[in-house]
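First residue of the sequence shown? That's 136 in this note's numbering, and the numbers climb one at a time after it. Report on one structure; see the data block that follows.
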Amino acid sequence: MREANEEVDAQGIEAAGRALASGGVVAIPTDTVYGLAVDPFRPGATDRLFALKGRPREVRLPVLVAGEEQVLEVAANVSDLARRLMSTFWPGALTVVLPRRPHSTADLGAGGPTVAVRCPAHRVPVAVCTITGPLATTSANLHGQDPLTTAGVVRSTFAGALAVVLDGGTCAGLPSTIVDCTGPEPQLLRQGLIPWEEVVAAAGA
């Protein structure tokens with residue numbers, strides 16, 4: 136298992152990219168908490184993630200992207216509303232729910248018409264996504280337990296089952312705000328770091 140220091144050097148990023156391309160599960164720091172990530176376009180990778188975390192497939196996985204240009208790899212019919220919010224708050228703690236791209240081969244869990252997408256304000260996941268494309272992610276913890284905030288605890292919890300653990304120090308940020316952008320008006324699904332009032336203001340710009 137590859138371990139990287141708090142700076143997460145280029146070799147660590149490349150190691151994560153290789154592991155993801157092979158269908159492995161990696162742990163990455165983010166601007167909220169540590170996440171477990173897979174390439175959802177690699178057959179079997181998402182199954183490994185669900186099994187490792189003990190998460191039901193019915194609880195679909197959100198997606199991290201390097202920027203707006205990667206959104207269309209998993210989503211379709213991205214509205215002007217969604218684009219305003221992404222332009223205002225990305226990179227950052229805003230997750231937007233969009234119509235899923237028809238016939239997408241990305242395995243995010245049980246099928247559904249939407250996909251939740253975010254560009255994090257942390258250079259490590261952005262660098263990894265730049266190499267691999269969109270990543271299916273979930274918080275680095277066993278399902279139903281508290282998120283893990285250090286690489287050491289992530290390693291000990293998953294006992295060598297991860298292909299790569301990138302150490303970004305302590306990650307203990309607030310969760311992202313989740314907004315449904317599939318309709319003409321934004322709908323708040325979860326209040327997080329970004330206040331709803333700011334989302335509403337940006338939506339009306």
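Even glycine gets a Cβ: it sits at the ideal position worked out from N, Cα and C.
Query, Result
"With 16 as the cutoff for other CB atoms within 10 Å, does N140 come out buried or exposed?", "Since pLDDT at N140 reaches only 40, below the 50 mark, its modelled position is unreliable, and no value is offered."
"Would DSSP call T223 helix, strand or coil?", "helix"
"For the region 261-281 against the region 214-221, do three or more pairs of beta-carbon atoms, one drawn from each stretch, fall closer than 8 Å, so that the two count as touching?", "no"
"Is A245 helix, strand or coil by DSSP?", "coil"
"Could you name each continuous beta strand (DSSP E) segment of 3 residues or more that falls completely within the region 241-285, going from the start of the chain to the end?", "249-253 and 270-274"
"According to the Cβ coordinates, are R236 and A210 closer than 8 Å?", "yes"
"Using DSSP with H/G/I as helix, E/B as strand and the rest coil, what is V300?", "strand"
"Along the chain, which unbroken stretches of the alpha helix (DSSP H) at least 4 residues long are found entirely within the region 150-228?", "180-188 and 215-224"
"Ordered along the chain, which non-local residues of its own chain (more than five positions away) have a Cβ less than 6 Å from that of A241?", "P175, F176 and V209"
"Could you tell me the distance, in whole angstroms, from the CA atom of Q146 to the CA atom of Q322?", "41 Å"
"Output the boundary residues of the beta strand (DSSP E) element that contains T312.", "T312 to D315"
"Does the separation of the CB atoms of S162 and V288 fall below 8 Å?", "For the record, residue 162 in the displayed sequence is Ala; it is not Ser. Taking 8 Å as the Cβ cut-off, A162 and V288 do not qualify as a contacting pair."
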